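Each residue of the sequence shown is one higher than the last, beginning at 1 in the UniProt record's numbering. We put the CB at the ideal spot given by N, CA and C, even for glycine. Since this is a predicted model, take the numbers as computed values, not measurements.
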Amino acid sequence: MRDQFAAFFADPNTLTLGVCNGCQMVSNLAEIIPGAETWPKFKRNLSEQFEARLNMVHVPKSASLILNEMQDSSLPVVVSHGEGRADFALHGGNISADLGIALQYVDGQNQVTQTYPLNPNGSPQGIAGITNADGRVTIMMPHPERVYRAAQMSRKPEGWTELSGWYRLFAGARKALG
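Okay, structure coming up:
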């Protein structure tokens, strides 16, 4: 089965999105994902409790193909996890400059934050999602699939009608697949 997964991740015609438990699972496959050698493992939140709420995230410039249409956006997203903290112990606690940060928790001034509860799990550099070097594999702890429609949110930015900004994630995946 390992060889099948390795072949899938090596195939340039594939995309992978790992959300929450999928993020944790895919991060454990980093050694067979090209360009994911510096990925963290996801561990217990610093709060030592399950966190569930809307949080703000920023989508920085990254190689992520599915987030390509969203770069430089900041928007609310659902978090719902107890083990979402990016842990770099396998890498000596160091975050590589080429990590591929694809999503970060931000505060009300749109600044990356370590402050709880704005950063619900305590990840360094506000890390909420990462991508591999060629952008075909993106993993994230928040749940964009729970808020792709504006009606799914308890609060929303002005201008959102039927679809939220997260719809662009799925449109980006479709565009990347051709």
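Closest by C-alpha distance to N119, out of W39, E48, N55 and N28, is N55. Taken through DSSP and simplified to helix, strand or coil, E69 comes out as helix. Cβ-Cβ distances below 7 Å link W160 to A150 in the same chain, with the five nearest sequence neighbours on each side left out; the list follows chain order.
Distance from L15 to L169 at the Cβ level is roughly 11 Å; contact not present, criterion being Cβ atoms closer than 8 Å.
Look at the beta carbons and you see the region 51 to 65 touching the region 97 to 109: at least three pairs across the two are nearer than 8 Å. Taking a C-beta distance under 9 Å as the contact criterion, A133 and A63 qualify as a contact pair.
Note that the C-beta distance between I139 and L17 is below 9 Å. The beta carbon of V78 sits closer than 7 Å to those of L54, P142, H143, R146 and V147, all from its chain and outside the five residues before and after it, given in chain order.
For A128, the enclosing beta strand (DSSP E) has its first and last residue at I127 to T131.
Nearest C-alpha to L67 among A7, Q125 and R136: R136. Measuring C-alpha to C-alpha distances from L75 to each of S164, Q152 and G172 identifies S164 as the nearest.
The distance from the Cβ of N28 to that of K41 is about 7 Å, consistent with a contact at the 8 Å cut-off. In the structure shown, the three-state DSSP call for P60 is coil.
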